[in-house]
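Sequential numbering from 1 applies to the sequence shown in the working numbering. The structure under discussion appears below in the form of structure tokens.
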Amino acid sequence: MKKKKSVYTVKSLRYGVTNGFTTMMTMLTTTYWAIFLTSAVGVETAIMATILTFSSIVDMISIPICGIVLQKGRLRGGKFRPWLIIGGVLAALFRWLSFTDLGLTASGRAIWFAGTYILGYVFFNLAYSAFMGILPLMAKTPDERVSYSACRVMCNSAGKFLFSLTSVGLIAFLGKNSEATGYSMFALLLSVMAFLGFFQLFFAAKEYDVITPLEDKSGKVKDQYDASIWEMIKYTISKPFLLYLLGASCKGTIYFIITGLAAYYYTYVTGSKLMLTTFLSLSTFLMIFGSFITPFISRLAKGSRNMYILGMAIYGLCLGSAYFFGKTGISFTVIMCLGYIGYSFSHASESALYSNIVDYTKWKTGKDLKPFMMTLFSLVPKIGTTIGSAVLGFGLVAVGFQKSNITPHAVNGIRLLMSGIPAVLSVVCIIALLVFPLTDKKVIEMQADMVKNKDF
1 MKKKKSVYTV
11 KSLRYGVTNG
21 FTTMMTMLTT
31 TYWAIFLTSA
41 VGVETAIMAT
51 ILTFSSIVDM
61 ISIPICGIVL
71 QKGRLRGGKF
81 RPWLIIGGVL
91 AALFRWLSFT
101 DLGLTASGRA
111 IWFAGTYILG
121 YVFFNLAYSA
131 FMGILPLMAK
141 TPDERVSYSA
151 CRVMCNSAGK
161 FLFSLTSVGL
171 IAFLGKNSEA
181 TGYSMFALLL
191 SVMAFLGFFQ
201 LFFAAKEYDV
211 ITPLEDKSGK
221 VKDQYDASIW
231 EMIKYTISKP
241 FLLYLLGASC
251 KGTIYFIITG
261 LAAYYYTYVT
271 GSKLMLTTFL
281 SLSTFLMIFG
291 SFITPFISRL
301 AKGSRNMYIL
311 GMAIYGLCLG
321 SAYFFGKTGI
331 SFTVIMCLGY
341 IGYSFSHASE
351 SALYSNIVDY
361 TKWKTGKDLK
371 PFMMTLFSLV
381 PKIGTTIGSA
391 VLGFGLVAVG
401 FQKSNITPHA
411 VNGIRLLMSG
421 IPAVLSVVCI
431 IALLVFPLTD
441 KKVIEMQADM
451 VKNKDF
């Protein structure tokens, strides 16, 4: 009798814990870096805004460059593992330095903080790209990939929850009488934790990250990842990739719109910031719960594609219901939070779904583009953030939002922006995934075909 495999394993938990640690370091920058510059250090707001804008552009551009570096790089110890250490050490160092004031002049401060902030993101992208690239190596089957992906999202949510509970108190405790010192010491603590996450994964992935030498028809020996930059670009663009990009970008846009508008809704519509805390805490808890049960539900749903569709259907239904039936702050909050169970189904299946696209590319073209393609996975949330920012900003203008004069039209407009428009975007996402061709059955057939041809 064949022994039934556990849904979660020590290796999948070690993979997820890495993301739990690293997400606290990224939360540090998104939550506190701007206020650290303006309030604790005294950098002018205009300079801070310029640094943030320029850094965001460099951050996005660096992602495909990191993919090329990983794809073309030749280091001992594997294709991905060395970059966990190299990127992890440098990302931790520069993230700490970006929260460290050296007491420079105004122009010196601008250069120092811009440089350390940008380098922190670039090296983090390098390490995180290696982290994502290891996923399809450690988790071969579609079911394993859902489990690893669910662990990643579960630990990610837990890290965010822990950060929200402890950050204010720890910054005050570590800083004592110096706010700037508090931020710097807290950044050092989280940077060390992020590196330790990458460091332990370096050892956990040792048996999986093995480069196989291949011999072409002329007898020349190359490794399995050999590809030109043009081949990386040409073979990445496929029907499954484009459909995924459309669906996942809609999902990312929804998440950013809701997150960005939550403070507006609870401040100007309900007038209760306490309810904002309830919304953030309850939605995070339900995301952790939803991520945990995703692998179990996925087996019933027959794979990551169907799980993604199911999750977005639940999420979209709750978003639409919140708009039409959530007339009070409590009912709106409860319905919206329930939708995060569906969101977590999709989110916890996403990297598994994307890993299947990487397998498809190898099966279709014969080129193993894991390093380059798994790096591009990080582009999707940034696309969602960019689109979501535009919807949020121009949307508030369109509904006539004015802080000093909140009209009934503006109130209904905020509700529409936070739930109605996201519900429509969820339908677009579902349609894209319904025509997405890579079911688990298809992926297993592709993998068997590659094993038969000694290509997997």
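All C-beta atoms, glycine included, are put in the ideal place defined by N, C-alpha and C.
| said: Could you tell me which whole alpha helix (DSSP H) segments of length 4 or greater appear in the stretch 236-297? | reply: 239-264
| task | Going by DSSP, name the residue or residues bridged to residue 368. | result | Beta-bridge pairing links residue 368 to no other residue.
| said: Does residue 223 come out as helix, strand or coil in the three-state DSSP assignment? | reply: strand
| request: Would you mind giving the Cβ-Cβ distance between residue 283 and residue 323, rounded to the nearest angstrom? I have them listed as a contact below 8 Å. | output: Rounded to the nearest angstrom, the Cβ distance from residue 283 to residue 323 is 17 Å, too far for a contact under 8 Å.
| said: I need the straight-line Cα distance from residue 337 to residue 231, nearest angstrom please. | reply: If you draw a straight line from the Cα of residue 337 to the Cα of residue 231, it comes to about 43 Å.
| task | Just tell me which of 364, 370, 392, 396 has its CA closest to the CA of residue 449. | result | 364
| task | Count the other C-beta atoms from every protein chain shown that fall within 10 angstroms of the C-beta of residue 486, then say buried if there are 16 or more, exposed otherwise. | result | Because the chain in this structure spans residues 1 to 456, residue 486 falls outside the shown range and cannot be described.
| said: Short of 7 Å in beta carbon distance, which residues of its chain neighbour residue 261, apart from the five on each side in sequence? Order them along the chain. | reply: Cβ within range, chain order: 392, 414, 417, 418.
| message | Here's a check: name, in chain order, each residue in its chain whose Cβ is nearer than 8 Å to the Cβ of residue 267, leaving out the five neighbours to either side. | response | Here the set comprises 273, 276.
| task | Using a threshold of 8 Å, state whether the C-beta atoms of residue 409 and residue 400 are closer than that. | result | Contact flag set, yes.
| task | Run the CB neighbour count on residue 84, radius 10 Å, all protein chains shown included, and call it buried at 16 or more, exposed below. | result | buried
| message | Under 8 Å: do the stretch 171-190 and the stretch 292-307 share three or more Cβ pairs, one atom per stretch? | response | no
| request: List the endpoints of the continuous alpha helix (DSSP H) containing residue 6. | output: Per DSSP, residue 6 belongs to no alpha helix (DSSP H) and is neither H nor E.
| 7 Å CB neighbourhood of residue 278 in its chain, flanking five on each side removed | 333
| request: Jot down the residue ranges of each uninterrupted alpha helix (DSSP H) in the stretch 8-47, minimum 4 residues, whole runs only, in chain order. | output: 10-35
| task | May I ask which residues mark the beginning and end of the alpha helix (DSSP H) holding residue 418? | result | Run containing residue 418: none; DSSP gives neither H nor E here.
| task | Closer than 6 Å by C-beta to residue 1: which residues in its own chain qualify, once you throw out the five before and the five after it? Chain order, please. | result | For residue 1, the predicted structure reports a pLDDT of 43, less than 50, and the residue's modelled location is therefore unreliable. The matter cannot be settled from this model.
| Extent of the continuous alpha helix (DSSP H) to which residue 435 belongs | Taken as a continuous stretch (DSSP letters only), residue 435 belongs to no alpha helix (DSSP H), as it is neither H nor E.
| Can you tell which of 81, 318, 411, 241 has the C-alpha that lies nearest to the C-alpha of residue 127? | 81
| task | Please say whether residue 67 and residue 94 have beta carbons closer to each other than 8 Å? | result | no
| Roughly how many angstroms lie between the CA atoms of residue 263 and residue 270, to the nearest whole one? | 10 Å
| Top-ranked residue by Cα proximity to residue 44, from 28, 108, 88, 69 | Checking every option, the nearest Cα to that of residue 44 belongs to 108.
| task | Return the Cβ separation of residue 377 and residue 351 in integer angstroms, given the expectation that the two are a contact with Cβ distance under 8 Å. | result | With a Cβ gap of about 7 Å, residue 377 and residue 351 count as contacting.
| message | Let me confirm a value: residue 242 is counted as buried when at least 16 other C-beta atoms fall within 10 Å, else exposed. Which label applies? | response | exposed
| said: Assuming contact is defined by CB atoms lying nearer than 8 Å, are residue 97 and residue 371 in contact in what I supplied? | reply: no
| Just the Cα atoms here: how many angstroms apart are residue 290 and residue 7? | 15 Å
| Grouping DSSP H, G and I as helix and E and B as strand, with all else coil, what is residue 303? | coil
| Helix, strand or coil for residue 50 per DSSP? | helix
| query | Do you know whose CA, among 22, 10, 330, 357, lies nearest residue 159's CA? | reply | If we check each option's Cα against that of residue 159, 22 comes out closest.
| request: Taking only the alpha-carbon atoms, compute the straight-line gap between residue 250 and residue 105 and give it to the nearest angstrom. | output: 43 Å
| Near residue 425, which residues of its chain fall below 7 Å by C-beta distance, leaving aside the five closest residues on each side in sequence? | 250, 253, 254
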